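As given, the protein sequences belong to chains A and B, one line each in that order.
Just so you know, we're using our numbering here: the first sequence kicks off at 201 and counts up by one.
Just so you know, we're using our numbering here: the second sequence kicks off at 8 and counts up by one.
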Amino acid sequence: MKWLVPALSALLFCLADCATGGSETGTGASPQAAAVLVDPPARTGVPTLLIAMPISPSFVEVRKSLVSEVQKNFNIHTFAVGPETTAAELAAVMQATNPVCVVLMNNATINLYYQVQTSNPTAQTPPAVLLMASFVEQAQARLRRATGIAYEVPGVTAFVHLRSVIATPVNRVGVIYRPPFRAFIQRQTSLAAKEHVELISVSVPNDVTAAGLREALHSLARKSKVDAVWMLNDNGLVRDAEFVDDTWRTELSDAKMPLIVGVPNLVAPGSSLGTLAVVPDHEALGLQAANLVFDLSDNDWRVDAHPVELPLSVKTVVDIKQVRSNFGLRPDALKHIDKALE
Amino acid sequence: MTRLRNPRRRWPQPIVWFLLGLGLVHPYQPPRRAMAQASKPVVHVFLQLDAKSSIVEKTLQQHLPELGIVVFGRFRDFEEGLTNGRPDAVLSITPVLQQRGKASCLQGQRGGKSTEPYLLASVNQSLEGSLAGKTIGVVDLLGHDGTQTFLNNLLKTKDIKIKRVAKIEDLLPLLEFSAADGIVLPSSMLGRLLERTRLVIKTKELLGGPVGLPAVAVLNPAVRDVVVRSFQSLDVPTKRLLGVDTWSVP
């Protein structure tokens, strides 16, 4: 079980880092990260894009890609957001830079923008592009003139990748979710159906116990006869090492069921837990964000007409040893995996 | 850039080492150019292939021992590499070389042809008639403006919205999510797309094609011979990986 300690720490770190944010990110920048956040020289007569973001590697990677795409068309002003940043500071930067659009990364930054808007409801604020936050659609609904790109990897993307790696069929995938994820799961069900994958979802209470989760997993694996299980990035279902060991690992190692996870560190040869990790490709996310900015610019910044997009690009990590032993490895699969662990 | 208060506050060393160990943060890495062996002529490769860049790079490096190979998966990295890395030669498809004003000294051929058709793929029915106002996905081969021009020429229209993606595999989600009406891809990539998806894919060949297959341009004349000799001696599986079966000298 020792392997689970770093893995769970990683999961919690990732969730905090990329979605909820607001902890140590803004002021904890490494010197390298700070060095790459130098904005290109501003030019007169060129519109400004304001990027408000925490300084940590994932965000820096997205920014780098975004800036490389849009810097010919926009001046860039980066505003580093940390736990001490206030809405007034963000408002001041917006006033000073007068951006045509503001890119907001993570939930804490979006919350600051929400405070800016609510503190002066009649004031005109620039259109916003929301990135790397959990449930962007919900955040969008609270804001005026906002759109963005969801951060959660759609299940169908993971299922298609799993199908191209393992030899056994992937027609029915089980997922366990808590009530806050209900709308998300409904959307995933229809998306998965497009690829002829039936998503079998089981709802559990917010305060699900280990026994309750085990029962739900058992039901999926034995009664619903699913071909694989998808673990959501929900820390209510992945609480600590002991909890994971008592639930996911116990049930799925017996059932020899492929498990799709959203954190690479839950895939570790010898651990018999994650089979495939599917995680956002941050460099590609920067390109997608740039496309979105160009689209909005071409459309007179009519943001409200632009629905939140789904992320297009992912990276994959596969436990090849587990795949070979339990499910069979498809020919040529290794050519298409970002990280193969054996 | 606007910095916050207390900008030099750092994470405690043990946490940094812990995260480094987990692979969640990455130490500084030198530019990729520096990774190629300095004593060998350096070839930059930028192609849409049915394999991850790391696999292509490893394979080419094994089979081209006299050359230093750097494979780029994305246009911006390739562009940056050309500017900062000053390669001795470049392997890419003809439009990419032409955009840079580079003449090829080796032209890849497949089935006796130096070009291949490009396809417009869509779900359930092929996109017939005017494409005006349609959203079309394509791999970012030439940057924002260059890719738009490339696609305009292929589709013989200017009134389209393009969605550039970083990798060939990212085209499928555009169709799955109904984020694009169609996608453009080389005909050699259709098999892999059909292998991955259960969507009903319909295609039509683009009037503005075909497009040149991978070609080699030598930027440093002093290394021309070794570059040409090396690529000409590639074995069949490696050439197939690159999407060619032979090389011709234009």
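Where is the CB? At the ideal position from N, CA and C, for every residue including glycine.
Model, not experiment: these values are computed from the prediction.
| Asked | Found |
| --- | --- |
| Determine whether the beta carbon atoms of V375 (chain A) and L391 (chain A) lie at a separation below 8 angstroms. | no |
| Using a Cβ-Cβ cut-off of 6 angstroms (strictly less than) and excluding sequence neighbours within five positions of V302 (chain A), which residues of its own chain qualify? | L250, P326 and A328 |
| Using DSSP with H/G/I as helix, E/B as strand and the rest coil, what is D297 (chain B)? | No information on residue 297 (chain B) is available, as it lies outside the stretch 8 to 257 that chain B covers here. |
| For R372 (chain A), which option in A:P380, A:K423 and A:V517 has the closest C-alpha, if you only look at C-alpha atoms? | A:K423 |
| In chain order, what residues of the stretch 173–201 of chain B put their CB closer than 8 angstroms to some CB of chain A? | A173, K174, E176, D177, L179, P180, L181, E183, F184 and A186 |
| What span of residues does the alpha helix (DSSP H) with V444 (chain A) cover, start to end? | A441 to V444 |
| Tell me which residues share the same chain as K521 (chain A) and place their Cβ nearer than 8 angstroms to its Cβ, disregarding the 5 neighbours each side in the sequence. | P469, G470, L541 and E542 |
| In terms of alpha-carbon separation, which member of A:G436, A:K456, A:A346 and A:T447 lies closest to H506 (chain A)? | A:A346 |
| Going by beta-carbon coordinates alone, are L89 (chain B) and V235 (chain B) separated by less than 8 angstroms? | no |
| What does DSSP give as the partner residue(s) for S471 (chain A) in the beta ladder? | DSSP lists no partner for S471 (chain A). |
| Just checking: is the beta-carbon of F494 (chain A) within a distance shorter than 8 angstroms of some beta-carbon in chain B? | yes |
| Please report the Cβ distance between N275 (chain A) and R243 (chain A), rounded to the nearest whole angstrom; I am assuming they are in contact, meaning their Cβ atoms lie under 8 angstroms. | 6 angstroms |
| Thinking just about the alpha-carbon of each residue, which of A:Y351, A:I310, A:S472 and A:F359 is nearest to the one in A339 (chain A)? | A:I310 |
| In the DSSP output, what is H536 (chain A) paired with across the bridge? | Beta-bridge pairing links H536 (chain A) to no other residue. |
| Alpha carbon to alpha carbon, what distance is there between M431 (chain A) and A233 (chain A)? | At A233 (chain A) the pLDDT is 48, less than 50, meaning the model places this residue with poor confidence; the figure from the coordinates comes in the next sentence. One C-alpha to the other measures close to 31 angstroms. |
| Mind checking G140 (chain B): buried by the 16 CB within 10 Å criterion, or exposed? | exposed |
| Can you give me the start and stop residues for the beta strand (DSSP E) that V523 (chain A) sits inside? | Run containing V523 (chain A): none; DSSP gives neither H nor E here. |
| To the nearest angstrom, report how far apart R231 (chain B) and L74 (chain B) are at their CA atoms. | 11 angstroms |
| Can you look up R387 (chain A) in the DSSP assignment and give me helix, strand or coil? | helix |
| Counting only beta-carbon atoms, is D519 (chain A) nearer than 8 angstroms to chain B? | no |
| Mind checking A296 (chain A): buried by the 16 CB within 10 Å criterion, or exposed? | exposed |
| I'd like to know whether the C-beta of S471 (chain A) is nearer than 8 angstroms to at least one C-beta of chain B. | no |
| For A222 (chain B), go through chain A and note every residue whose CB falls closer than 8 angstroms to its CB, in chain order. | Within chain A, no residue comes near A222 (chain B); the closest Cβ sits about 23 angstroms away, beyond 8 angstroms. |
| Quick check: the Cα distance between S195 (chain B) and K209 (chain B), rounded to an integer number of angstroms? | 15 angstroms |
| Determine, for H506 (chain A), whether the minimum Cβ-Cβ distance to residues of chain B falls below 8 angstroms. | no |
| Taking 8 angstroms as the threshold (beta carbon to beta carbon), is S265 (chain A) in contact with chain B? | yes |
| Give the list of continuous alpha helix (DSSP H) stretches no shorter than 4 residues that lie fully inside the stretch 141–181 of chain B. | 150–162 |
| Tell me which residues of the stretch 364–379 of chain A have at least one Cβ-Cβ distance to chain B shorter than 7 angstroms, keeping chain order. | S364 |
| Can you say whether Q55 (chain B) is buried or exposed, counting buried as having 16 or more other CB atoms within 10 angstroms of its CB? | buried |
| Among B:D147, B:R247 and B:E183, which one has its Cα closest to the Cα of N491 (chain A)? | B:D147 |
| For the structure I just gave you, are there three or more beta carbon pairs, one from the stretch 118–138 of chain B and one from the stretch 184–191 of chain B, closer than 8 angstroms? | yes |
| Any Cβ of chain B within less than 8 angstroms of the Cβ of L547 (chain A)? | Residue 547 (chain A) is absent from the model: chain A starts at 201 and stops at 542. |
| Could you tell me which whole beta strand (DSSP E) segments of length 3 or greater appear in the stretch 404–443 of chain A? | 428–430 |
| Under 8 angstroms by Cβ, that's how I've got P369 (chain A) and D445 (chain A) pegged, so tell me the actual separation to the nearest angstrom. | The Cβ separation is near 29 angstroms, so there is no contact. |
| Would you report the Cα separation of P72 (chain B) and A393 (chain A), rounded to the nearest angstrom? | 47 angstroms |
| Hey, does V360 (chain A) have any beta-carbon neighbour from chain B nearer than 8 angstroms? | yes |
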